[in-house]
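The block underneath contains the structure these notes are about, expressed in structure tokens.
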Amino acid sequence: MAYNKKQQFKSRRTSLMSQISDGAIIIGASHNSPRNNDVDYEFRQNSTFWYLTGFDEPDAVLVLRPHHKDQCVIFVNPYDPQFEIWVGARLGVDAAPENLEIDAAYPISELDDQLPRLLEDIETVHYSIGSDSKLDDLMMNLVQKRRGLSQRGGVHLLRIEDPKPAIDRMRLVKSEAEVELVQAAIDVTRVGFENAMRVTKPGTFEYQVQAEMESHFRKLGSVRNGYPSIVASGTNSCILHYINNREQLKDGSLLLIDAGAEYDYYTADITRTWPVNGKFTPAQKEVYEIVLASQSAGINAISPGIEFNEVHIASLRVLVQGLIDLGALEGSIDGLIESRAYLPYYMHGTSHWLGLDVHDAGPYRDEDRSISLEQGMVFTVEPGLYFGNQATESPEHLKGIGIRIEDNVVVTTEGHSVLSDTILSSVSEIEELVGSV
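Going by our numbering, the sequence shown opens with residue 1, and the numbers climb by one from there.
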């Protein structure tokens, strides 16, 4: 699907201003973050700022004023020939309006002087306090100054409200173009996972498998990961956010990889678990099949109108029955769920939103109930079972096994589509591919 990127960003700004039509909206860009001495971490734009502008330079500020001639104003770093020699070109003030389809642009150095003027007839500023310390200070100073002026009469107080709920709700439902970008990220991720499986063998290190996977991400157009890759072998697979990735792979153990390529700012989020030597042990296979069946139950529950939490419950019921069959739990499914006896083996939710962020923006509840699914919502389905140190009552033959299977799904008009269904997950497919290089 071909689409006009500039028009897409502009239409989002227009949509936001139609929802928040009083006052002004202020969104800050990310800043460079020091790594050590005079070296910065790789820059990655604030996802909300990108969502509204498509501008990937640091230090910028977007000001939206729905009822003014210049509705959309941006403050950016100016063009600097010396900076270009050392770091690279900037868009600059003069080029910003046309390139970003924005009404007016100013140097970021003029923000302190220009912002009070832009807000002088405005009573409500929609700004997320805590998102940017420099902007926080500027906004608080404006509030204090306006308070002092109001005491002398003729000037309204300046009120600050949070625009995040409205923006998050917009980001929650993806356009066709956004779903295509998530799909592109998943397609890149698939190739990385397949090659990671091929090179897996006893004696290899976690970081070597990671390097093989991520090299294919880069070759296929992903400039960075959506989040740090989890490459967890053996008992490390029971650590949910393990990122050391330094252990040597041992014969007879499992390797769990949770990773996602980022493509044009949208990320995949995939998890697969496979045997290091290419063959599941009977115990590993039994747990794996339970987790796979649990995931299928969760995915099959997805359709417009159901509550988000119903996906979790559908998956959880299969996991709990599996824990009973494995001898890890005793009792009825309903009773064990009510008492939460499964928590030592399954301690996280089944799903989260996915998009510009791996844990993407969007509410999970609508007042006092789980939010209802709508067409265009994209999220993960990722059940798992973990027989690590926290599971002190684990049957002996299951100890050290950690398995998670994660796919990415979009809600459609008729039901759902598994965007990552081309990434192999059956026992037979995995055993055929692992170690095949």
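Cβ atoms here follow ideal geometry from the backbone N, Cα and C, with glycine treated the same way.
ask   = Taking one C-beta from the segment 222–241 and one from the segment 285–295 each time, how about it: are there three or more such pairs within less than 8 Å?
value = The segment 222–241, when compared against the segment 285–295, does not touch it at the 8 Å Cβ threshold.
inquiry  = Given a cut-off of 8 Å on the beta-carbon distance, is the pair residue 218 and residue 355 in contact?
reply    = Counting from one through the sequence shown, the residue named residue 218 turns up at place 218. Counting from one through the sequence shown, the residue named residue 355 turns up at place 355. In this structure, residue 355 does not lie closer than 8 Å to residue 218 by Cβ.
query = Looking only at its own chain, which residues have a Cβ that is under 8 Å from the Cβ of residue 312, when we skip the five neighbours before and after it?
reply = In the sequence shown, residue 312 corresponds to position 312, counting from 1. So the list reads 298, 349, 350, 351, once near-sequence residues are dropped.
Beta-carbon contacts of residue 30 that lie in its chain and below 8 Å, excluding the five residues immediately before and after = The sequence position of residue 30 within the sequence shown is 30, counting from 1. If we look at residue 30 and ignore the five residues flanking it on each side, its Cβ neighbours are 43, 44, 45, 46, 49, 58.
task = Find out if the Cβ-Cβ distance for the pair residue 189, residue 260 is shorter than 8 Å.
result = Within the sequence shown, numbered from 1, the residue matching residue 189 stands at position 189. Within the sequence shown, numbered from 1, the residue matching residue 260 stands at position 260. In contact: residue 189 and residue 260 (Cβ atoms closer than 8 Å).
message = Between the alpha carbons of residue 279 and residue 420, how many angstroms are there, rounded?
response = Numbered from its first residue, the sequence shown carries residue 279 at position 279. Numbered from its first residue, the sequence shown carries residue 420 at position 420. Each residue's alpha carbon lies about 23 Å from the other.
message = Would the segment 380–391 count as touching the segment 200–212 if we require 3 or more Cβ pairs under 8 Å?
response = In short, these stretches do not touch, since the Cβ pair count stays below three.
key: Cα-Cα separation, residue 364 to residue 165   = Within the sequence shown, numbered from 1, the residue matching residue 364 stands at position 364. Within the sequence shown, numbered from 1, the residue matching residue 165 stands at position 165. One C-alpha to the other measures close to 12 Å.
inquiry  = Taking DSSP's pairing of strands, which residues face residue 205 in a bridge?
reply    = Here residue 205 refers to the residue found at position 205 of the sequence shown. As DSSP reads the structure, residue 205 sits in a beta bridge with 248.
query = For residue 381 versus residue 182, is the C-beta spacing smaller than 8 Å?
reply = One-based indexing of the sequence shown puts residue 381 at position 381. One-based indexing of the sequence shown puts residue 182 at position 182. Taking 8 Å as the cut-off, the Cβ atoms of residue 381 and residue 182 do not count as close.
query = Can you tell me where the alpha helix (DSSP H) with residue 180 in it begins and where it stops?
reply = Residue 180 sits at position 180 when you count from the first residue of the sequence shown. Per DSSP, residue 180 belongs to the alpha helix (DSSP H) from 176–199.
query = By Cβ distance, which residues of its chain are closer than 7 Å to residue 266, with the 5 residues on each side in sequence left out?
reply = Indexing the sequence shown from 1 puts residue 266 at position 266. Only 178, 181, 182, 185, 355, 356 meet the Cβ criterion.
ask   = Going by the beta-carbon positions, is the gap between residue 327 and residue 281 smaller than 8 Å?
value = Within the sequence shown, the letter at position 327 stands for residue 327. Within the sequence shown, the letter at position 281 stands for residue 281. No. Outside cutoff.
request  = Just the C-alpha distance for residue 213 and residue 391, rounded to the nearest angstrom, thanks.
outcome  = Residue 213 sits at position 213 when you count from the first residue of the sequence shown. Residue 391 sits at position 391 when you count from the first residue of the sequence shown. Each residue's Cα considered, the two are about 31 Å apart.
query = DSSP three-state call for residue 148: helix, strand or coil?
reply = Within the sequence shown, residue 148 is the residue found at index 148, counting from 1. Residue state, collapsed to three classes: helix.
request  = Can you grab the Cα-Cα spacing for the pair residue 67 / residue 54, in whole Å?
outcome  = Residue mapping note: residue 67 aligns to position 67 of the sequence shown, counting from 1. Residue mapping note: residue 54 aligns to position 54 of the sequence shown, counting from 1. Whole-angstrom Cα-Cα distance: 23 Å.
inquiry  = Here's a check: name, in chain order, each residue in its chain whose Cβ is nearer than 6 Å to the Cβ of residue 17, leaving out the five neighbours to either side.
reply    = The residue you call residue 17 lines up with position 17 of the sequence shown. Cβ within range, chain order: 64, 66.
query = How would you write the range of the beta strand (DSSP E) that residue 36 sits in, first residue to last?
reply = Within the sequence shown, numbered from 1, the residue matching residue 36 stands at position 36. Taken as a continuous stretch (DSSP letters only), the beta strand (DSSP E) holding residue 36 covers 34–36.
ask   = Below 8 Å between beta carbons: does that hold for residue 108 and residue 60?
value = Locating residue 108 in the sequence shown gives position 108, counting from the first residue. Locating residue 60 in the sequence shown gives position 60, counting from the first residue. Taking a C-beta distance under 8 Å as the contact criterion, residue 108 and residue 60 qualify as a contact pair.
task = Determine the contact status of residue 411 and residue 376, defining contact as a CB-CB distance below 8 Å.
result = As a first step, residue 411 must be located in the sequence shown, where it is residue number 411. As a first step, residue 376 must be located in the sequence shown, where it is residue number 376. The criterion of a C-beta distance shorter than 8 Å is satisfied by residue 411 and residue 376.
request  = Please confirm whether residue 116 and residue 93 have their CB atoms less than 8 Å apart.
outcome  = The residue given as residue 116 occupies position 116 in the sequence shown. The residue given as residue 93 occupies position 93 in the sequence shown. Against a cut-off of 8 Å, the Cβ pair of residue 93 and residue 116 comes out as no contact.
query = In terms of residue numbering, what span does the alpha helix (DSSP H) encompassing residue 274 cover?
reply = Taking the first residue of the sequence shown as 1, we reach residue 274 at position 274. No alpha helix (DSSP H) contains residue 274, which is instead part of the beta strand (DSSP E) from 270–275.
ask   = Assuming residue 122 contacts residue 24 under a Cβ cut-off of 8 Å, what Cβ separation, rounded to an integer in Å, is found between them?
value = Against the sequence shown, residue 122 aligns to sequence position 122. Against the sequence shown, residue 24 aligns to sequence position 24. Between residue 24 and residue 122 the Cβ distance is about 5 Å, and since that is below 8 Å, they are a contact.
key: Proximity below 8 Å, CB of residue 401 to CB of residue 272   = Taking the first residue of the sequence shown as position 1, residue 401 is located at position 401. Taking the first residue of the sequence shown as position 1, residue 272 is located at position 272. Judged by their CB atoms, residue 401 and residue 272 are not nearer to each other than the 8 Å cut-off.
ask   = For the candidate residues 144, 320, 331, 330, whose alpha-carbon lies nearest to that of residue 347?
value = On the sequence shown, residue 347 is found 347 positions in, with the first residue counted as 1. For the set 144, 320, 331, 330, the Cα lying nearest the Cα of residue 347 is the one of 320.
ask   = With C-beta atoms as the reference, is residue 222 less than 8 Å away from residue 255?
value = Reading the sequence shown from its first residue, position 222 is the one you call residue 222. Reading the sequence shown from its first residue, position 255 is the one you call residue 255. Cβ distance not < 8 Å, so residue 222 and residue 255 don't count as in contact.
inquiry  = Going by beta-carbon coordinates alone, are residue 26 and residue 127 separated by less than 8 Å?
reply    = Walking along the sequence shown from the start, residue 26 turns up at place 26. Walking along the sequence shown from the start, residue 127 turns up at place 127. One thing to note: residue 26 has its Cβ within 8 Å of the Cβ of residue 127.
key: Euclidean distance between Cα positions of residue 41 and residue 35   = As a position in the sequence shown, residue 41 is number 41, starting the count at 1. As a position in the sequence shown, residue 35 is number 35, starting the count at 1. Counting only the Cα atoms, residue 35 lies some 5 Å from residue 41.
ask   = For residue 235, is the classification buried or exposed, using 16 other Cβ atoms within 10 angstroms of its Cβ as the cut-off for buried?
value = To locate residue 235, count along the sequence shown from 1; it is residue 235. The residue is buried, with at least 16 neighbouring Cβ atoms inside 10 Å.
task = From the DSSP output, in three-state form, read off residue 21 for me.
result = Stepping through the sequence shown from its first residue, residue 21 is reached at position 21. Of the three classes helix, strand and coil, the one that applies to residue 21 here is coil, per DSSP.
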